[in-house]
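Residue numbers (my numbering), protein chains in the order written: chain A, 1 to 436; chain B, 1 to 436. Read the structure below first, then the notes.
Dropping the structure here:
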């Protein structure tokens, strides 16, 4: 089957990420989607940059209207941003019968009603997973994963810039102005950071989640928006003493009298998982009446994380337009004729790191023998802990953390150490995963 | 449009949850799905119990084959469990052209290949969101939300019983046997807990995730499975001293030589979010090459959390068979003609709790005046912190945490307190969200 033809409007940070990831993972994506997905046309004012990124693999033009006018294009990705030309392009693409994928939260939070109506009438999809929380599939979770629930509330860290600044303020006791400058220097905040630090970006996203959760139209004008610019380092400190962290939360909640929709700094109990989301990461907590509390965490911005969401939307659209209805999503994610025969490794071939605890005689030379066996096997030690033997005690616990090694190698080393006369009990071995 | 007719096989803990949630949220679910979803037939050996739960709203029979033979039934939910009769019923339902929704991880991990093949040939869906991590939409995230990615690894706390036991062991310094008895007494572990504590249940789930992530067939027989029965309290303590927590992880990883698939206790750095998942909660970390690290957290078991996943599958199937292809999922989750006009509240009508910091004169009577104003407004105080004034200092900080109150009421109280001559600077007010 012919590949789905995609036109890309705007090849900046996110756009280039979409192009790169589609290239890099094209085989795997095709095995999932049941059909190739190709960006065949790119519109960007900076055509030289666009040519450099696409390397001749897509036709580059200056004017997005050329992309929309091309009858071969099935899907248009809008990554221009803002309300002006982006809105015009999205509406034209819909009018031309193209499906649209966009990351433009501002556009949807303000003009969503008009856009979705037009799309519905025309019978095309406007997909926007990338508009909220970057690579985290939170739109999918809300629209599809939690459909059984009456959603009670959503609270999210949905702006990475402000979460980075707040983390810096807390970690280093910095005032807002200083932390902002750090964030700008490190690329976590833009030269004009207003939309982020004043809470506007978070409010766009909260507005979209509110509509999806409660079945109300997008109404950004009704959102209460307060940023983090007035936060003082001392408040973060006092909050800490009281057992809380301060986070900029986007909140929407169903109450008996109406829907709450608000963005402002919030004290959150330090023991909550979301209070421990640090740096530029995002997380959204959703409370449903059946499911209880769920949380979704990941990178909320950046080139490839956002591209991940844009491409997921492309695959969604592709699957709907290629597979037979009953198999929109293949049972095991990949098309049945595209399964891999890659083998599952036996445990002895797994490579991981280890915690070892051994009961040893409290005498000279024990450690040398143990570490000698490990060194001979090429196993290096990451950390060590020796419990001090109590008075009169002749045994003690020796605990080692190792670096990564093949399990088979570790098995042999353990057998050898177990054979030492100074190792007095069966060695305890627990695997260690850094998950980094 | 006529409601989708669903037949339920097995109305135990999860089945009764499915029935209850479908009843309770039927209007909202219909607004999302575009069509009613009704359980019209239930098969259970305990027909008296089934009658009591369904209250005459569904036909109750003893034999699941009657449900499958009913031509009016569109979808069959299998909640029998195990490999025997459940397998027979699932295969018969597929053969009869019914879509199947199941929470049966054991069945899919062992017989998934046969089942999915039969479903594919017959053109029906076998949906199984509830089979892994209960109410967390992790199957959807992997199959649809992260399709852009080459998945690198998945590591999950996917068995609530063992995570509860490990949390108890750590919190209270208990040995495994004692913590297990506690878990059994509290209903977190079954009378025969073998499948949970030996890691078999987690391995079933890891096997399913492995297949979806890497496009390989389900192959439970290749999984390495080690439970938590041999864990000693002292290892949890030593791990803690080294900066780690011990969790039972289901891990699957792509390596240059093959796929790792293993379940065993693992040391995890205490600073990782997943290390802080306590009690019977589940969490899954997915590492993709584009999106980076994402995490999904929620209840992994229980009547309504699992029902949440089962019903999400029902809605998925319903949407695919009713809406036009282009609008399988409505843009804003609810059908366009089913949007609510519920109003968004002005900020003054929002009810929340507060952190207040005020710069006050360090003299007698200040606190009485402040608390007097709050009491008169009906605002009760949750906690208080007063910074000790330094030597010679005549001012100090007074910090109050309040219970919930209407924002409008709080605004008035703040204005009054601000008017006190002993309040020396603008009062800082930050909202507080317990998120519980």
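We treat Cβ as the ideally placed atom computed from N, Cα and C, and that holds for glycine. Quick caveat, the model's predicted, so the values are computed rather than measured.
Open item on the list: Closer than 9 Å between beta carbons: that is the criterion. Which residues of the segment 17 to 40 of chain B meet it against chain A?
Closed with: The residues in question are 17, 18, 20, 21, 22, 24, 25, 28, 29, 31, 32 and 33.
- [ ] Could you tell me which residues DSSP puts in a beta bridge with residue 353 (chain B)?
- [x] Numbered from 1 along the second chain, position 353 holds the residue referred to as residue 353 (chain B). DSSP, once it has assigned bridges, lists B:432 as partnering residue 353 (chain B).
Task: Pick from B:370, B:380 and B:435 that is closest to residue 414 (chain B), judged by C-alpha positions - done: As a working mapping, residue 414 (chain B) is identified with position 414 in the second chain. When only C-alpha atoms are compared, the closest one is B:370.
Task: Where residue 225 (chain B) falls: helix, strand or coil (DSSP) - done: If you number the second chain from 1, residue 225 (chain B) lands on position 225. Reduced to three states, the DSSP call for residue 225 (chain B) is strand.
Task: Straight-line Cα distance separating residue 135 (chain B) from residue 124 (chain B) - done: Position 124 of the second chain, counted from the start, is the residue given in the question as residue 124 (chain B). Position 135 of the second chain, counted from the start, is the residue given in the question as residue 135 (chain B). If I take the Cα positions, the gap works out to 23 Å.
TODO: Taking C-beta pairs closer than 8 Å, name the residues in chain B that residue 258 (chain A) reaches, listed in chain order.
DONE: As a working mapping, residue 258 (chain A) is identified with position 258 in the first chain. Chain B residues near residue 258 (chain A): 342, 343, 344, 345 and 349.
Open item on the list: Restricting to Cα atoms, I'd like to know which of B:219, B:278 and B:237 is closest to residue 248 (chain B).
Closed with: Locating residue 248 (chain B) in the second chain gives position 248, where the first residue counts as 1. Closest by alpha carbon: B:278.
- [ ] Identify the continuous alpha helix (DSSP H) that holds residue 160 (chain A) and give its terminal residues.
- [x] Numbered from its first residue, the first chain carries residue 160 (chain A) at position 160. Boundaries of the alpha helix (DSSP H) around residue 160 (chain A): 160 to 172.
TODO: Taking only the alpha-carbon atoms, compute the straight-line gap between residue 330 (chain B) and residue 9 (chain A) and give it to the nearest angstrom.
DONE: As a working mapping, residue 330 (chain B) is identified with position 330 in the second chain. As a working mapping, residue 9 (chain A) is identified with position 9 in the first chain. The straight-line gap from Cα to Cα measures roughly 24 Å.
Open item on the list: At the 7 Å Cβ level, is residue 402 (chain B) part of the contact set with chain A, yes or no?
Closed with: Indexing the second chain from 1 puts residue 402 (chain B) at position 402. No, no contact with chain A.
- [ ] Kindly indicate which residue of B:77, B:25 and B:17 has the alpha-carbon position closest to the one of residue 41 (chain B).
- [x] As a position in the second chain, residue 41 (chain B) is number 41, starting the count at 1. Looking at the Cα atoms, B:77 is the closest of the given residues.
Task: Between the CA atoms of residue 103 (chain B) and residue 224 (chain A) - distance to the nearest angstrom - done: By 1-based counting over the first chain, the position of residue 224 (chain A) is 224. By 1-based counting over the second chain, the position of residue 103 (chain B) is 103. Approximately 41 Å, taken between the alpha carbons.
- [ ] Would you kindly check if the distance between the Cβ of residue 32 (chain A) and the Cβ of residue 147 (chain B) is under 7 Å?
- [x] Numbered from 1 along the second chain, position 147 holds the residue referred to as residue 147 (chain B). Numbered from 1 along the first chain, position 32 holds the residue referred to as residue 32 (chain A). Yes.
Open item on the list: What would DSSP say about residue 272 (chain B), mapped onto helix, strand or coil?
Closed with: By one-based count along the second chain, residue 272 (chain B) stands at place 272. Three-state DSSP puts residue 272 (chain B) in coil, outside helix and strand.
- [ ] At 7 Å on the CB atoms, spell out the chain B contacts of residue 174 (chain A), in chain order.
- [x] The residue given as residue 174 (chain A) occupies position 174 in the first chain. In chain order: nothing, as chain B lies at least about 17 Å away.
Open item on the list: I need the DSSP call for residue 405 (chain A), collapsed to helix, strand or coil.
Closed with: Looking up residue 405 (chain A) in the first chain gives position 405. Three-state DSSP puts residue 405 (chain A) in a strand.
Task: Which of helix, strand or coil DSSP assigns to residue 8 (chain A) - done: On the first chain, residue 8 (chain A) is found 8 positions in, with the first residue counted as 1. In this structure, residue 8 (chain A) counts as strand in the three-state DSSP scheme.
Task: Contact list for residue 249 (chain A) against chain B, beta-carbon separation under 8 Å - done: As a first step, residue 249 (chain A) is located in the first chain; it is residue number 249 there, counting from the start. Ordered by position in chain B, the residues that pass the 8 Å Cβ test against residue 249 (chain A) are 433.
Task: 7 Å Cβ cutoff, residue 339 (chain A) in contact with chain B - done: As a working note, residue 339 (chain A) is residue 339 in the first chain. For residue 339 (chain A), the answer is yes, since a Cβ of chain B falls inside 7 Å of its Cβ.
Open item on the list: Can you find the residues in the same chain that come closer than 8 Å, C-beta to C-beta, to residue 21 (chain A), ignoring five residues on each side of it along the sequence?
Closed with: On the first chain, residue 21 (chain A) is found 21 positions in, with the first residue counted as 1. If we look at residue 21 (chain A) and ignore the five residues flanking it on each side, its Cβ neighbours are 304, 307, 308 and 311.
Task: Same chain, Cβ closer than 6 Å to residue 195 (chain A), neighbours up to 5 away in sequence not counted - done: Within the first chain, numbered from 1, the residue matching residue 195 (chain A) stands at position 195. These residues qualify, in order along the chain: 201.
Open item on the list: Three Cβ pairs or more, each shorter than 8 Å: is that satisfied between the segment 225 to 235 of chain A and the segment 167 to 187 of chain A?
Closed with: yes
Open item on the list: When you compare the CB positions of residue 158 (chain A) and residue 282 (chain A), do they come within less than 7 Å of one another, or not?
Closed with: Residue numbering aside, residue 158 (chain A) sits at position 158 when the first chain is read from its first letter. Residue numbering aside, residue 282 (chain A) sits at position 282 when the first chain is read from its first letter. Yes, the Cβ-Cβ distance between residue 158 (chain A) and residue 282 (chain A) is below 7 Å.
Task: residue 207 (chain B) versus residue 161 (chain A): straight-line alpha-carbon distance, rounded - done: Taking the first residue of the second chain as 1, we reach residue 207 (chain B) at position 207. Taking the first residue of the first chain as 1, we reach residue 161 (chain A) at position 161. Spanning the two alpha carbons is a distance of roughly 37 Å.
TODO: Mind listing the chain A neighbours of residue 265 (chain B)? Cutoff is C-beta to C-beta under 8 Å, in chain order.
DONE: Locating residue 265 (chain B) in the second chain gives position 265, counting from the first residue. Ordered by position in chain A, the residues that pass the 8 Å Cβ test against residue 265 (chain B) are 430 and 431.
Task: residue 170 (chain B): CB within 6 Å of a non-hydrogen atom of the ligand MN - done: Of the ligands one can find in the structure shown there are none, so the ligand MN has no counterpart to examine.
TODO: Kindly give me the distance between the Cβ atoms of residue 101 (chain B) and residue 75 (chain B), rounded to whole angstroms, as I take these residues to be in contact under 8 Å.
DONE: Sequence index remark: in the second chain, residue 101 (chain B) carries index 101 (1-based). Sequence index remark: in the second chain, residue 75 (chain B) carries index 75 (1-based). 6 Å between Cβ atoms; contact.
Task: Residues that residue 98 (chain A) contacts on chain B, provided the C-beta gap is smaller than 9 Å - done: Numbered from its first residue, the first chain carries residue 98 (chain A) at position 98. Here the premise fails: no neighbours, minimum Cβ distance about 12 Å.
Open item on the list: I want to see whether chain A comes within less than 7 Å of residue 120 (chain B), judged by CB atoms only; does it?
Closed with: For the purposes of this step, residue 120 (chain B) is taken as the residue at position 120 of the second chain. Yes, residue 120 (chain B) lies at the interface with chain A (some Cβ there is under 7 Å from its Cβ).
Open item on the list: Distance cutoff 7 Å, beta carbons only. Does residue 71 (chain B) sit that close to anything in chain A?
Closed with: Taking the second chain and counting its residues from 1, one reaches residue 71 (chain B) at position 71. Answer no: the Cβ-Cβ gap between residue 71 (chain B) and chain A never drops below 7 Å.
Task: Test item: CB-CB of residue 437 (chain B) and residue 418 (chain B) under 7 Å - done: A query on residue 437 (chain B) cannot be resolved here, the shown segment of chain B reaching from 1 to 436 and no further.
Open item on the list: Here's the rule I'm using: 16 or more other beta-carbon atoms within 10 Å means buried, otherwise exposed. How should residue 256 (chain B) be labelled?
Closed with: Position 256 of the second chain, counting from 1, holds the residue named residue 256 (chain B). By the 10 Å Cβ count, residue 256 (chain B) comes out exposed.
Task: Contact list for the segment 137 to 157 of chain A against chain B, Cβ threshold 7 Å - done: 137, 140, 141, 142, 143, 144, 145, 146, 147, 148, 149, 150 and 155
Open item on the list: Alpha carbons only, please: which of A:179, A:87 and A:430 is nearest the one belonging to residue 403 (chain A)?
Closed with: In the first chain, the residue the question calls residue 403 (chain A) occupies position 403. The option with the nearest alpha carbon to residue 403 (chain A) is A:430.
Task: Contact with chain B by residue 238 (chain A), beta-carbon distance below 7 Å - done: Working through the first chain from its first residue, we reach residue 238 (chain A) at position 238. The beta carbon of residue 238 (chain A) falls within 7 Å of a beta carbon belonging to chain B, placing the residue at that interface.
TODO: Would you tell me roughly how many angstroms separate the C-alpha atoms of residue 93 (chain A) and residue 115 (chain A), rounded to the nearest one?
DONE: For the purposes of this step, residue 93 (chain A) is identified with residue 93 of the first chain, where counting begins at 1. For the purposes of this step, residue 115 (chain A) is identified with residue 115 of the first chain, where counting begins at 1. Roughly 11 Å between the two C-alpha positions.
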